[in-house]
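Chains as they are written, first to last, in our numbering: chain Z, 1 to 204; chain H, 1001 to 1422; chain D, 2001 to 2134. So the structure is just underneath, and the comments pick up after that.
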């Protein structure tokens, strides 16, 4: 009975729940229940992140998607008149079905084409140096030492995946400095745009 | 293969079940009931027992804290409080819990039955999860996650969703109003709550709560007074305590979003509320008051308990001293007051750490004095500013016609318009 | 086995127990109905929505104050900001030695960029609770 057995079981159960939940979200007549089902799917995705050793992303998934986006959606649902029975079919349902399935296949294609840096594939130190350099270790006297990342004998490389928060922190300043500021501008445009739309609807 | 977690209680149970040479022999002699090869079973059993002890501890603490709070309210109001059942009335809340369990359960016709039953479970689940990362003594915790503090913020944000579900599922106009108010308050205060912790993270350099406790050479309340003030106020709002308890203002909205809940469902909401109070006090005690750290005359668990009770007492004191705030005052305090204070705190702390990356204890005291001066000045400035904006708002209120927020279709003769400002 | 996954194993056990305890409480309370400890006498008035004593009137509310939506949107934006600040703050002690002032100003510029729409929303009156409709 190895640890991998439990991990595999968890992965398959959670993936099944994600697919089941997504079907429920799409097919539910009651929109509010659909929104709650969506937040359930978000939580399951967070569990997948935890399984991939990306605990920071997992927690952020819960914080942003379940805590903020789901609440926003639930608020939006309360503005709709026919919550319980659902609304009528849209005129553009064929077009939207086509676009959504197109997006689905694009995502699958991208996930196949991308070269994923999995934990097993990184074996030499050159590849590691390209990723990210340092991790913390507390010495016996209590001070914190900064050490270079290294590959351990069993293929797990210490420092890169073990504490994802720290490596994200330094990536934000070094490699992703410009994207960070771009995120800021995206947030600006999102906020100002949505506030303007709400203000216009209010005046009507 | 060893399946052991760095945790004193867990290690004790695990080593008594399976005595592996590698990790157990350093700590003394253990029984070793199961044969080798059953490590996974020992892992599950010891994990289960650890969690069982923890959750029962929380339930016991809630029962005790309800009694203690009622006794304290009695003292504040110059009466004796509950004193009949058991010595000094200790068993009063136990009796209440048993009574509420066997009350009639009413599910309204308009309710969405499944979500109505789900809401109490969802409400109490995040509160229990908060306790899982809090170290109550040296090596005494359920887990010590690398992302502990962010984990607490994440699971706390689940309670917003639970409130939305609870209010919508009961199909009652009043509870939906209250739920919307509650969620508006919850989400508004989550931003200052998260940002006030940034200074602490910079000083400690870790998100793990055990690491934060160990990093506190002097308690962070001295180094981060502004962060402490903002975090304390924000957590009061998150747990719906008195200056911000507008969502269940008894005289205005009935019981708020738990209006239609009865029997054990109401009991579980009640449990969640008091457990959340203890959870918030535990987080404050851990992050700002150095948790289990203290002089070695007392064991670490007792130090944590003393700090926890101090913070709980402070919360009760606040409840007994301040009246309830209006919804606009609450939201203005979050966005126009606390948010700015956290930004000031982040900037000041960043500059200080840029000047002194690894401060010694003496330098920390200097930092503490500077921070306290900045804290007091910025609090005075922001409170003057908030006072002005509230006055402006009042003049606005007189000029506008308040409108009913409920429906378009209710006849106006049913509504006293002046009172329906939501 | 890695300590990381073992910890999350314990956390899963804890989470299952945290769900099982309230469900168990509800179940005990429910089962007490069958041994006649807990009464169950529903009637029409008891099962209607409680609106402070009056019988419920009018349609169920379909329109709410848009005010709540402003706060929800502001919250989503600043939540993302918080999430980006946290890893930077945790590593700042090392970063300031490694990168110097760049580490400080990178995040200050980001904070400034995100604070601009906040000031905009404030000036436009989106943060005011009572909206002047005239």
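All C-beta atoms, glycine included, are put in the ideal place defined by N, C-alpha and C.
With C-beta atoms as the reference, is residue 2089 (chain D) less than 7 Å away from residue 1198 (chain H)? In the third chain, the residue the question calls residue 2089 (chain D) occupies position 89. In the second chain, the residue the question calls residue 1198 (chain H) occupies position 198. Contact flag set, yes.
- Query: Can you tell me where the alpha helix (DSSP H) with residue 1281 (chain H) in it begins and where it stops?
  - Reply: Locating residue 1281 (chain H) in the second chain gives position 281, where the first residue counts as 1. Boundaries of the alpha helix (DSSP H) harbouring residue 1281 (chain H): 1263-1288, taken from the DSSP string.
**OP:** Quick one: grab the DSSP three-state call for residue 206 (chain Z).
**Re:** Limits of chain Z in this structure are 1 at one end and 204 at the other, which puts residue 206 (chain Z) out of reach.
Given residue 1375 (chain H), which residues of its chain have a CB within under 6 Å of its CB, disregarding the five upstream and five downstream residues?
Against the second chain, residue 1375 (chain H) aligns to sequence position 375. Excluding positions up to five away in sequence, the list reads 1225 and 1226.
query: Based on Cα-Cα distance, which residue from H:1048, H:1113 and H:1233 lies nearest to residue 1171 (chain H)?
result: Your numbering for residue 1171 (chain H) matches position 171 in the second chain. For the residues H:1048, H:1113 and H:1233, the minimum Cα distance to residue 1171 (chain H) belongs to H:1113.
### Beta-carbon proximity of residue 2104 (chain D) to residue 1354 (chain H), cut-off 7 Å
For the purposes of this step, residue 2104 (chain D) is taken as residue 104 along the third chain, with counting starting at 1. For the purposes of this step, residue 1354 (chain H) is taken as residue 354 along the second chain, with counting starting at 1. Yes, the pair counts as a contact, with Cβ atoms nearer than the cut-off.
Closest residue to residue 2082 (chain D) among H:1356, H:1327, H:1194 and H:1147 (Cα-Cα distance): Here residue 2082 (chain D) is taken as the residue at index 82 of the third chain, counted from 1. Looking at H:1356, H:1327, H:1194 and H:1147, the one whose alpha-carbon comes closest to that of residue 2082 (chain D) is H:1194.
message = If you follow the alpha helix (DSSP H) that residue 1324 (chain H) is in, where does it begin and where does it stop?
response = As a first step, residue 1324 (chain H) is located in the second chain; it is residue number 324 there, counting from the start. That residue, residue 1324 (chain H), is in no alpha helix (DSSP H); it is neither H nor E in DSSP.
Closer than 8 Å, Cβ to any Cβ of chain D: which residues of the region 1108-1123 of chain H, in chain order? Result list: 1108, 1109, 1110, 1117, 1120 and 1121.
> How would you call residue 13 (chain Z), buried or exposed, if buried means at least 16 neighbouring beta carbons within 10 angstroms?
Replying inline: Taking the first chain and counting its residues from 1, one reaches residue 13 (chain Z) at position 13. If you draw a 10 Å sphere on the C-beta of residue 13 (chain Z), you find fewer than 16 other C-beta atoms in it, and that means exposed.
Is residue 1401 (chain H) close to chain Z, meaning its C-beta is less than 7 Å from at least one C-beta of that chain?
-> Sequence index remark: in the second chain, residue 1401 (chain H) carries index 401 (1-based). Unreliable placement is indicated for residue 1401 (chain H), whose pLDDT of 48 sits below 50; no coordinate value is reported for it.
**Request:** Show which residues of chain D have a CB atom less than 7 Å away from the CB atom of residue 1427 (chain H).
**Result:** Lying outside 1001 to 1422, the shown extent of chain H, residue 1427 (chain H) is not represented and no answer is given.
In chain D, which residues lie less than 9 Å from residue 9 (chain Z) when you measure between Cβ atoms? Your numbering for residue 9 (chain Z) matches position 9 in the first chain. Within 9 Å of the CB of residue 9 (chain Z), no CB atom of chain D is found; the nearest one sits about 11 Å away.
- request: Determine the direct distance from the alpha carbon of residue 1044 (chain H) to that of residue 2012 (chain D), and round the result to whole angstroms.
  value: The residue given as residue 2012 (chain D) occupies position 12 in the third chain. The residue given as residue 1044 (chain H) occupies position 44 in the second chain. Straight-line spacing of the CA atoms in residue 2012 (chain D) and residue 1044 (chain H) works out to 10 Å.
Checklist entry - What are the residues that DSSP puts in a beta bridge with residue 1137 (chain H)? => result If you number the second chain from 1, residue 1137 (chain H) lands on position 137. Per DSSP, H:1140.
(request) Please name the residue in H:1078, H:1173, H:1212 and H:1304 whose C-alpha comes closest to that of residue 1111 (chain H). (result) As a first step, residue 1111 (chain H) must be located in the second chain, where it is residue number 111. Minimum Cα distance to residue 1111 (chain H) is reached at H:1173.
TODO: Taking all protein chains shown into account, decide if residue 1349 (chain H) is buried (16 or more other Cβ within 10 angstroms of its Cβ) or exposed.
DONE: Translated into positions along the second chain, residue 1349 (chain H) becomes position 349. In this structure residue 1349 (chain H) is buried. Its beta-carbon is surrounded by 16 or more other beta-carbon atoms within 10 angstroms.
Please classify residue 1206 (chain H) as buried or exposed, where buried requires at least 16 neighbouring CB atoms within 10 angstroms.
Counting from 1 along the second chain, the entry for residue 1206 (chain H) is found at position 206. Under this definition residue 1206 (chain H) is a buried residue.
Does any CB atom of chain D fall closer than 7 Å to the CB of residue 148 (chain Z)? Counting from 1 along the first chain, the entry for residue 148 (chain Z) is found at position 148. Below a pLDDT of 50, predicted positions are generally treated as unreliable, and residue 148 (chain Z), at 48, falls in that range; the measurement from the model is reported next regardless. Taking CB atoms only, residue 148 (chain Z) has no neighbour in chain D less than 7 Å away.
Need the endpoints of the alpha helix (DSSP H) that residue 2040 (chain D) sits in, please. One-based indexing of the third chain puts residue 2040 (chain D) at position 40. Segment: none, residue 2040 (chain D) is in no alpha helix (DSSP H) and carries neither H nor E.
Check your understanding: When the Cα atoms are used, what is the spatial distance from residue 158 (chain Z) to residue 172 (chain Z)?
Key -> Here residue 158 (chain Z) is taken as the residue at index 158 of the first chain, counted from 1. Here residue 172 (chain Z) is taken as the residue at index 172 of the first chain, counted from 1. The predicted position of residue 158 (chain Z) is uncertain, since its pLDDT is 47 and thus under 50; no value can be drawn from it.
Secondary structure of residue 55 (chain Z), DSSP reduced to three states = As a working note, residue 55 (chain Z) is residue 55 in the first chain. It is helical.
What do you reckon, is the C-beta of residue 1292 (chain H) under 6 Å from a heavy atom of the ligand NAP? The ligand NAP is not among the ligands present in this structure, which contains no ligands whatsoever.
Which same chain residues end up closer than 8 Å to residue 90 (chain Z) when comparing Cβ atoms and leaving out the 5 residues on each side of it in sequence? Reading the first chain from its first residue, position 90 is the one you call residue 90 (chain Z). Closer than 8 Å at the Cβ level, and outside the excluded window around residue 90 (chain Z), lie 96.
Handout entry: Local Cβ density within 10 Å of residue 1105 (chain H), reported as buried at 16 or more and exposed below that
Key = If you number the second chain from 1, residue 1105 (chain H) lands on position 105. By the 10 Å Cβ count, residue 1105 (chain H) comes out buried.
Quiz item: What in chain D is Cβ-close to residue 1125 (chain H), meaning under 7 Å?
Solution: Your numbering for residue 1125 (chain H) matches position 125 in the second chain. Neighbours of residue 1125 (chain H) on chain D, chain order: 2018 and 2019.
Exercise. Considering residue 1016 (chain H), what are the terminal residues of the alpha helix (DSSP H) in which it resides?
Worked result: Taking the second chain and counting its residues from 1, the one referred to as residue 1016 (chain H) is at position 16. 1008-1017 is the extent of the alpha helix (DSSP H) around residue 1016 (chain H).
inquiry  = Between which two residues does the alpha helix (DSSP H) holding residue 1224 (chain H) run?
reply    = Mapped onto the second chain, residue 1224 (chain H) falls at position 224. Note, residue 1224 (chain H): premise wrong, no alpha helix (DSSP H); not H, not E.
Spatially closest choice to residue 1152 (chain H) from H:1117, H:1318, H:1126 and H:1169, by CA coordinates:
Taking the second chain and counting its residues from 1, one reaches residue 1152 (chain H) at position 152. When only C-alpha atoms are compared, the closest one is H:1126.
Taking C-beta pairs closer than 8 Å, name the residues in chain H that residue 2026 (chain D) reaches, listed in chain order.
-> As a first step, residue 2026 (chain D) is located in the third chain; it is residue number 26 there, counting from the start. In chain order: 1117, 1120, 1121, 1264, 1265 and 1268.
- Query: Is residue 65 (chain Z) buried or exposed, if buried means 16 or more other CB atoms sit within 10 Å of its CB?
  - Reply: Here the question's residue 65 (chain Z) lines up with position 65 in the first chain. By the C-beta density criterion, residue 65 (chain Z) is buried, having at least 16 other C-beta atoms within 10 angstroms.
Query raised in the report: Tell me which same chain residues have a C-beta within less than 7 Å of the C-beta of residue 25 (chain Z), skipping the five on either side of it?
Result: Here residue 25 (chain Z) is taken as the residue at index 25 of the first chain, counted from 1. Non-local beta-carbon contacts of residue 25 (chain Z) in its own chain, meaning distances under 7 Å to residues more than five positions away in sequence, involve 34, 37, 38 and 41 in chain order.
- Query: If you follow the alpha helix (DSSP H) that residue 1071 (chain H) is part of, which residue opens it and which one closes it?
  - Reply: For this step, residue 1071 (chain H) is matched to residue 71 along the second chain. 1039-1076 is the extent of the alpha helix (DSSP H) around residue 1071 (chain H).
Self-check item: Contact set between residue 181 (chain Z) and chain D, taken where Cβ atoms lie within less than 9 Å
Solution: In the first chain, the residue the question calls residue 181 (chain Z) occupies position 181. Within chain D, the residues near residue 181 (chain Z) are 2106, 2109, 2110 and 2113.
**Prompt:** Can you list, in chain order, the residues of the region 2081-2096 of chain D whose Cβ is nearer than 9 Å to any Cβ on chain Z?
**Reply:** Listed in sequence order: 2081, 2082, 2083, 2084, 2086, 2087, 2088, 2089, 2090, 2091, 2092, 2093, 2094 and 2095.
Exercise. Take the Cβ of residue 114 (chain Z) as the centre, count every other Cβ of all protein chains shown within 10 Å, and call the residue buried at 16 or more, exposed below.
Key: On the first chain, residue 114 (chain Z) is found 114 positions in, with the first residue counted as 1. Residue burial is scored here from C-beta neighbours: residue 114 (chain Z) has fewer than 16 other C-beta atoms within 10 angstroms and is therefore classed as exposed.
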